[in-house]
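Engineer:
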Amino acid sequence: DTEVTQTPKHLVMGMTNKKSLKCEQHMGHRAMYWYKQKAKKPPELMFVYSYEKLSINESVPSRFSPECPNSSLLNLHLHALQPEDSALYLCASTTPGFYNEQFFGPGTRLTVL
Amino acid sequence: DQQVKQNSPSLSVQEGRISILNCDYTNSMFDYFLWYKKYPAEGPTFLISISSIKDKNEDGRFTVFLNKSAKHLSLHIVPSQPGDSAVYFCAGSNFGNEKLTFGTGTRLTIIP
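Chains as they are written, first to last, in this note's numbering: chain A, 1 to 113; chain B, 114 to 225.
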């Protein structure tokens, strides 16, 4: 299994809602990532988990809250988002500390109204 | 500070010809580079990588060249095919650092 899956594919939420994005991989990767991508821009790193511990937080606002329940799952909890948070949210995984490519999921297209 | 730059936002190439995508970087600590391909509404897909100890890496139709002194890398696709139409991102990294720093991307269009 060389796939990273993300659910849901699309999400529309209001600014007062609470929602979660989910990511799953079964490649045995112990590093997992959340990226945000706006149109015509490169993926922008948000968080990195390494061996289920948060290793990098790129100064992301607290309305985004990551969680890594186990080595295969990664969640991103969303609360009180702003319209400018509308973007494609990508999950990726890789083997920590080595020159390995990151495997990306298809993304969740988030729209905040 | 854009540490990885792709100065051509778009490129059009005739089918069957060579596509050359360029990337420049400023961070001397980068010692590993990757190219990703992205279709709309999908996640990026890894294409090819190169370590700084090499100056060329080839995989089928794809070849990446690295010029360390110029801090420049390029991706050659030959022959170009319609399915190659996508946005291409180059990315830099260094050993022990889990971060990839992506360039701004080049949209490649292959003209049949």
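Note that CB positions come from ideal geometry on N, CA and C, so glycine has one too.
1. Would you please verify whether the beta carbon of B/GLY156 is less than 8 Å from any beta carbon of chain A?
2. Anyone know if the C-beta pair for A/TRP3 and A/SER72 falls short of 8 Å?
3. In chain A, which residues lie less than 8 Å from B/LEU134 when you measure between Cβ atoms?
4. Please state if the CB of B/THR219 and the CB of B/LEU147 are separated by a distance shorter than 8 Å.
5. Do the CB positions of B/VAL126 and B/CYS203 come within less than 8 Å of each other?
6. At a CB-CB cut-off below 9 Å, which residues of chain A make contact with B/THR217?
7. Let's test the definition: count the other Cβ atoms within 10 Å of the Cβ of A/HIS29 and tell me whether it reaches 16, buried, or not, exposed.
8. Taking DSSP as the reference, what is the three-state secondary structure of A/GLU84?
9. Answer yes or no: does any C-beta atom of chain A fall closer than 8 Å to that of B/LYS150?
10. Compare the C-beta of B/PHE143 against all C-beta atoms of chain A and say whether one is closer than 8 Å.
11. Just how far apart, CA to CA, sit A/ASP85 and B/CYS136?
12. For B/LYS212 and chain A, any beta-carbon pair shorter than 8 Å?
13. Which residues of chain A have a Cβ atom closer than 7 Å to the Cβ of B/LEU147, listed in chain order?
14. How would you call B/GLU128, buried or exposed, if buried means at least 16 neighbouring beta carbons within 10 angstroms?
15. Leaving out five residues on either side along the sequence, give the residues of the same chain with a beta carbon under 6 Å from the beta carbon of A/ASN96.
16. What does a CB cutoff of less than 8 Å around B/SER198 pick up in its chain, not counting 5 residues either side in sequence?
17. Helix, strand or coil for B/PRO195, going by three-state DSSP, please let me know.
18. Looking at A/TYR33: is its Cβ nearer than 8 Å to the Cβ of A/ALA92?
19. Any Cβ of chain B within less than 8 Å of the Cβ of A/PRO106?
Structural biologist: Considering the structure as presented:
1. yes
2. The sequence shown places Glu at residue 3 of chain A, rather than the Trp named in the question. Not a contact, by the Cβ cut-off of 8 Å.
3. None at all; the shortest Cβ gap to chain A is about 14 Å.
4. no
5. no
6. LYS40, LYS41, PRO42
7. buried
8. helix
9. no
10. no
11. 28 Å
12. yes
13. GLU101
14. exposed
15. According to the sequence shown, residue 96 of chain A is Pro rather than Asn. Taken in chain order, the residues that qualify are ARG30, ALA31, SER50.
16. LEU221, THR222, ILE223
17. helix
18. yes
19. yes
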